[in-house]
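Novice: Protein chains in written order, with this note's numbering: chain S, 1 to 145; chain E, 146 to 290. Glycine included, each C-beta is placed from N, C-alpha and C at the ideal position. The structure's right below; bear with me while I get my questions together.
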DNA sequence: GAAAGTTGAAATAAAGATAATTACAACTTT
DNA sequence: AAAGTTGTAATTATCTTTATTTCAACTTTC
């Protein structure tokens, strides 16, 4: 079980938009080349990031741009934007517990609060880093190569 | 994307073993009946819990028993036992980032530490509740019905 | 305004992961 | 010996994720 690669892909994409944005038009083809991800999938991710107000793209002209300052975009914003986790939550229950069984009909409620707390802990951690840090670290690594 | 239901299933199973253990032989069939999960899958989960030293089962005789005190089993122990998350970690990277691209060949390293921290936050939260609490809450809910 | 290049989006296919099912040998108890 | 159970392997089904194909709508440039 893994959180879908769309999340890390989105971070990769945003880093590229910032780092290459000055030098070239960062099209879905360019991003596909850097990430190894199919260009249509890249466009889907960009679409979700656009809906979330994180990037700007336009039909025809080509080239994505950040819609916010790097330090105003957290990893959590990206994670939310690409829908890593739906409304059901990160944890999954089996659909058919037996309502005849006293444990079966209560276990969900007993667990819910605790699982939400665990998910919140993960998400809070993601809120604590911004793209600014990620890009700064990436630039540093590139310089040190 | 969701953490596989084997985790919540395992918690359900363990709660049943404790709550019904006094009254009946808790076989994989009984557990299948309460959870709605196929009996073979239940046996697989029990096998993983046994390997982790959480339950005891024996061929032939039938009926699972807890191998530890309820307050010595945390949700994290169960989560680990059933292999919700493999060695690759909770977050998933696309396999083929372009090594020619300076971002492509560095982004993984940049993100790793932060993603591990997020995963650790989730796991620490799971460490903070024991089966004793889950079972106590379940019994309370049953009594209040 | 035509050509070239791009985005947005839908539909379909491929690949991978999760859960269910079938089948049966090994084991315990009665 | 019979009945019931576990452990395990093999297969199938279902669902999710990712890739691919296709094309209309849009911008820019010539």
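State buried or exposed for residue 285(E), treating a residue as buried only when at least 16 other CB atoms are found within 10 Å of its CB.
Specialist: Position 140 of the second chain, counted from the first residue, corresponds to residue 285(E). Exposed is the call here.
Novice: For residue 306(E), return the contacting residues in chain S, with the cut-off set at a CB-CB distance below 8 Å.
Specialist: Absent from the model: residue 306(E). The displayed extent of chain E is 146 to 290, so no value can be given.
Novice: Are the C-beta of residue 92(S) and some C-beta of chain E separated by less than 8 Å?
Specialist: Residue mapping note: residue 92(S) aligns to position 92 of the first chain, counting from 1. It does: the Cβ of residue 92(S) has a partner Cβ on chain E nearer than 8 Å.
Novice: Quick one: is residue 147(S) near chain E, going by C-beta distance under 8 Å?
Specialist: Outside the shown range of chain S, which is 1 to 145, sits residue 147(S), and nothing can be said about it.
Novice: Name, in chain order, the residues that DSSP records as bridge partners for residue 65(S).
Specialist: The sequence position of residue 65(S) within the first chain is 65, counting from 1. For residue 65(S), which the question treats as bridged, DSSP gives the partners 56(S).
Novice: Can at least three beta-carbon pairs, one atom from the stretch 48-65 of chain S and one from the stretch 165-184 of chain E, be found at a separation below 8 Å?
Specialist: No, they do not touch.
Novice: Assuming residue 35(S) contacts residue 247(E) under a Cβ cut-off of 8 Å, what Cβ separation, rounded to an integer in Å, is found between them?
Specialist: Walking along the first chain from the start, residue 35(S) turns up at place 35. Walking along the second chain from the start, residue 247(E) turns up at place 102. So it is not a contact: roughly 13 Å between Cβ atoms.
Novice: Determine whether the Cβ of residue 256(E) lies closer than 8 Å to any Cβ atom of chain S.
Specialist: Position 111 of the second chain, counted from the first residue, corresponds to residue 256(E). Yes, contact with chain S.
Novice: Could you tell me which residues DSSP puts in a beta bridge with residue 148(E)?
Specialist: Within the second chain, numbered from 1, the residue matching residue 148(E) stands at position 3. Answer is 91(S), bridged to residue 148(E).
Novice: When the Cβ atoms of the stretch 148-161 of chain E are set against those of the stretch 223-233 of chain E, are three or more pairs found closer than 8 Å?
Specialist: With a cut-off of 8 Å, the stretch 223-233 of chain E and the stretch 148-161 of chain E count as touching, because enough Cβ pairs lie within range.
Novice: Less than 8 Å between the C-beta atoms of residue 218(E) and residue 276(E), yes or no?
Specialist: Position 73 of the second chain, counted from the start, is the residue given in the question as residue 218(E). Position 131 of the second chain, counted from the start, is the residue given in the question as residue 276(E). Contact: yes.
Novice: Mind checking residue 118(S): buried by the 16 CB within 10 Å criterion, or exposed?
Specialist: In the first chain, counting from the first residue as 1, residue 118(S) sits at position 118. Residue 118(S) is buried by the Cβ-count criterion.
Novice: Is the CB of residue 141(S) under 8 Å away from at least one CB in chain E?
Specialist: Here residue 141(S) refers to the residue found at position 141 when the first chain is read from its first residue. True, the Cβ-Cβ gap to chain E drops below 8 Å.
Novice: By the three-class DSSP mapping on this structure, what secondary structure does residue 130(S) have?
Specialist: Start at 1 with the first residue of the first chain, and residue 130(S) comes out as number 130. Here residue 130(S) sits in strand by DSSP.
Novice: Between the alpha carbons of residue 255(E) and residue 156(E), how many angstroms are there, rounded?
Specialist: Working through the second chain from its first residue, we reach residue 255(E) at position 110. Working through the second chain from its first residue, we reach residue 156(E) at position 11. Each residue's alpha carbon lies about 35 Å from the other.
Novice: Can the beta-carbon of residue 92(S) be found closer than 8 Å to that of residue 147(E)?
Specialist: As a working note, residue 92(S) is residue 92 in the first chain. As a working note, residue 147(E) is residue 2 in the second chain. Result yes, Cβ atoms of residue 92(S) and residue 147(E) sit closer than 8 Å.
Novice: Give the secondary structure of residue 138(S) by DSSP, where H, G and I count as helix, E and B as strand, and everything else as coil.
Specialist: As a working note, residue 138(S) is residue 138 in the first chain. Helix, per DSSP.
Novice: Measure the CB-CB distance between residue 89(S) and residue 70(S) and report whether it falls below 8 Å.
Specialist: In the first chain, residue 89(S) corresponds to position 89, counting from 1. In the first chain, residue 70(S) corresponds to position 70, counting from 1. Cβ distance not < 8 Å, so residue 89(S) and residue 70(S) don't count as in contact.
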